[in-house]
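Asker: Sharing a structure below in structure tokens format, with a few things to ask.
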Amino acid sequence: MIVQVQGNVGFSITLDPTVWIFDDRKVLLSDAFETESDDAQDDEKPDDALTVQQYQQKINPPINDSVDRYNRKKVLENSYVMPLQHFIHNSEPSADATEAILHTSDGEARISISDLINCYLLFSVDGKPLKETGPVHVILPDGSNQDDPYTGVDRITVV
């Protein structure tokens, strides 16, 4: 149930999607592909709040200190994705990297490095990890493959 990021990167990293359910960076699948009009409402937040949140994420990965009863119920009922950009930036892809190979249970798929950076990793459906078709599914940034994502991705090779 791990995903390796390797290849033309400064640091090969290993991701464990089973712990992301407690990570504040996770996004509801239903919210990941909102329209621009929905995003305009989010822009009404003060800039200071965004700056503080971004600063805290740089210090430590934001992890829930405790999951209260309401959040526990919500976590067990919803599907979640994790933006891949947090991890790709930490692996430091080489400046000459142009694409990535997704190693899936069905073979390999190639995507551009810019798409990879902005992809989402589906790791939980209805509050349960993707044991049979996982560890993660890769959904492109525009959501165009949301109904048919890359499944069974256990390794990402940057080339």
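Take the sequence shown: its position 9, counting from 1, is numbered 440 in my numbering, and each next residue is one higher.
Note that beta-carbon positions come from the ideal geometry of N, C-alpha and C, so glycine has one too.
The structure presented is a predicted model; accordingly, all values stated were derived computationally and were not measured.
1) Between the C-alpha atoms of V506 and P448, what's the straight-line distance to the nearest angstrom?
2) Flag this pair as yes or no: are the beta carbons of S555 and I452 separated by less than 8 Å?
3) With a 10 Å radius around its C-beta and 16 neighbouring C-beta atoms as the bar for buried, classify L459 as buried or exposed.
4) Closer than 6 Å by C-beta to N439: which residues in its own chain qualify, once you throw out the five before and the five after it? Chain order, please.
5) So who's on the other strand from H520, going by DSSP bridges?
6) Quick one: residues in its chain with C-beta nearer than 6 Å to the C-beta of E465, no 5 flanking neighbours on either side, listed in chain order?
7) When you compare each of V569, D585 and G583 to Q516 by their alpha carbons, which one comes out closest?
8) With DSSP collapsed to three states, give me the class of K562.
9) Quick one: what does DSSP say A463 is sitting in, helix, strand or coil?
10) Go to I532, then tell me how far its beta strand (DSSP E) extends in each direction, as first and last residue.
11) Determine, using beta carbons only, whether L553 and P580 come nearer to each other than 8 Å.
12) If we call anything under 8 Å between Cβ atoms a contact, is R586 one with P514?
Answerer: So, from the listed chains and residues:
1) 14 Å
2) yes
3) exposed
4) S525, A528, V589 and V590
5) Beta-bridge pairing links H520 to no other residue.
6) none
7) V569
8) coil
9) helix
10) E530 to T535
11) yes
12) no
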